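These notes concern the structure reproduced below.
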Amino acid sequence: MRRGGVGYVRITNGGGLTGHLTGYGLLIEGDLTNALYLPLVVRGSSAASMRQEPLGTIVHSCPDEYEVDDTWEQARGITAGETQVHSFDSDPSRYAADKDFVFFDVVTKCVVTFEILPPAGTGSLAGRWVEMALYDAEGNGLGVMAVGGLRHLAAQAGRYYLGLSPVAGVGYGCVDEVGYRLRMLVEPARLLYLPVVLRGGASS
């Protein structure tokens, strides 16, 4: 602020992490005199998107076979028809809650569906309480989010990332406690063509 007054700072949990060891420090420096402000131009980015960065400390007490996959850079691949078994195993009362990431590639316009189910033969409840969000090839949020399952029309070919995290209060543990099955399904995008009738126009 160039003159005296009250200023406000908004702080957002961009990583979506909860639990302990997710704290941060905030430093507000003093006034700058004779400061030169230059415009910053960001190309190829959307103001509404958000880069997914690792926040907090995740400690795996009972890692599944895909760990470590806590950030989009660490994501493991998943393909159409494949089913993977994951779990959330970081204690949110002591550390940050666990997050899982997978990536998938799209070669043509299609509808991608992700189903969440508990592991077969277990009493896991987490399969029904998994938050999901889609990201582009650069880790920017696409604004596509859901709980317990996600369906998305992938209009452009390329690589996508899916982030998964537990809903608050679910708990943590091994696959048989808070595990979930993640299944990916792909179907072609169906286009519906409707006839267009023009009235009052002269034919040529």
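Residue numbers (the working numbering): 1 to 204. Backbone N, C-alpha and C define an ideal beta-carbon position, used for all residues, glycine too. Fair warning: this is a prediction, and the values are worked out from it, not measured in the lab.
*Would Y95 be called buried (16 or more neighbouring beta carbons within 10 Å of its own) or exposed?*
In the sequence shown, counting from the first residue as 1, residue 95 sits at position 95. With 16 or more Cβ atoms within 10 Å of its Cβ, Y95 is classed as buried.
*Rounded to whole angstroms, what's the CA-CA distance from V102 to I11? Just pull it up for me.*
Position 102 of the sequence shown, counted from the start, is the residue given in the question as residue 102. Position 11 of the sequence shown, counted from the start, is the residue given in the question as residue 11. If I take the Cα positions, the gap works out to 28 Å.
*Between the Cα of G148 and the Cα atoms of T113, E187 and E177, which residue gives the shortest distance?*
Taking the first residue of the sequence shown as position 1, residue 148 is located at position 148. Checked all of T113, E187 and E177; the closest Cα to G148 is T113.
*Hey, V106 and A189 are a contact pair by Cβ (cut 8 Å); roughly how many whole angstroms apart?*
Numbered from its first residue, the sequence shown carries residue 106 at position 106. Numbered from its first residue, the sequence shown carries residue 189 at position 189. Going by Cβ atoms, the distance from V106 to A189 rounds to 11 Å, so no, they are not a contact pair.
_Within the continuous alpha helix (DSSP H) that includes V178, where are the two ends?_
Within the sequence shown, the letter at position 178 stands for residue 178. V175 to V178 is the span of the alpha helix (DSSP H), which, as asked, contains V178.
*Can you check DSSP and say which residues form a bridge with E187?*
For the purposes of this step, residue 187 is identified with residue 187 of the sequence shown, where counting begins at 1. E187 pairs with V111.
*For G81, count neighbouring C-beta atoms within 10 Å of its own C-beta (all shown protein chains included) and say buried if the count is 16 or more, exposed if not.*
Sequence index remark: in the sequence shown, residue 81 carries index 81 (1-based). Looking at its Cβ environment, which holds fewer than 16 other Cβ atoms inside 10 Å, G81 is exposed.
*Is it buried or exposed for L194, if we count other Cβ within 10 angstroms and need 16 for buried?*
Within the sequence shown, the letter at position 194 stands for residue 194. When all chains shown are included, L194 counts as exposed.
*Using DSSP bridges, identify the partner residues of H60.*
Position 60 of the sequence shown, counting from 1, holds the residue named residue 60. None, per the DSSP bridge assignment.
*Can you list, in chain order, the residues of its chain whose CB lies under 6 Å from that of E115, leaving out five sequence neighbours each side?*
Residue 115 sits at position 115 when you count from the first residue of the sequence shown. Excluding residues within five positions, the ones whose Cβ falls inside 6 Å are G149 and R183.
*Are the CB atoms of L164 and D100 nearer to each other than 7 Å?*
Position 164 of the sequence shown holds residue 164. Position 100 of the sequence shown holds residue 100. In this structure, D100 lies closer than 7 Å to L164 by Cβ.
*Going by DSSP, what residues sit across from I116 in a beta bridge?*
One-based indexing of the sequence shown puts residue 116 at position 116. Answer is L182.
_First and last residue of the uninterrupted beta strand (DSSP E) at T79_ = Taking the sequence shown and counting its residues from 1, the one referred to as residue 79 is at position 79. Premise fails: T79 is in no beta strand (DSSP E) and is neither H nor E.
*Ignore the nearest five residues each way along the sequence and tell me which others in D98's own chain have a CB closer than 6 Å to its CB.*
Within the sequence shown, the letter at position 98 stands for residue 98. Here the set comprises I58, F88, D89 and S90.
*Do you know offhand how far V9's Cα is from L134's?*
Within the sequence shown, the letter at position 9 stands for residue 9. Within the sequence shown, the letter at position 134 stands for residue 134. Roughly 28 Å separates the two Cα atoms.
*Can you check DSSP and say which residues form a bridge with E131?*
If you number the sequence shown from 1, residue 131 lands on position 131. Paired residue(s): V147 and S165.
*Hey, out of T79, I78 and V85, whose CA is closest to P63's CA?*
As a position in the sequence shown, residue 63 is number 63, starting the count at 1. Closest option to P63, Cα to Cα, is V85.
*Which residue from R151, P92, L153 and P119 puts its Cα closest to that of G179?*
Residue numbering aside, residue 179 sits at position 179 when the sequence shown is read from its first letter. It is P119.
*Under 7 Å Cβ to Cβ from E73, same chain only, skipping five residues before and after it: list those, please.*
On the sequence shown, position 73 is the one that residue 73 refers to. Excluding positions up to five away in sequence, the list is empty.
*Between the Cα of C110 and the Cα atoms of H152, N140, D136 and G77, which residue gives the shortest distance?*
Along the sequence shown, read from residue 1 onward, the residue named residue 110 stands at position 110. If we check each option's Cα against that of C110, H152 comes out closest.
_Pop quiz: G77 and F104 are said to be a contact at Cβ under 8 Å. What is the actual Cβ separation, rounded to whole angstroms?_
In the sequence shown, counting from the first residue as 1, residue 77 sits at position 77. In the sequence shown, counting from the first residue as 1, residue 104 sits at position 104. Between F104 and G77 the Cβ distance is about 7 Å, and since that is below 8 Å, they are a contact.
_Let me check understanding here. Comparing Cα to Cα, which of D176, H60, L162 and V170 lies closest to A146?_
In the sequence shown, counting from the first residue as 1, residue 146 sits at position 146. Out of D176, H60, L162 and V170, L162 has the C-alpha closest to the C-alpha of A146.
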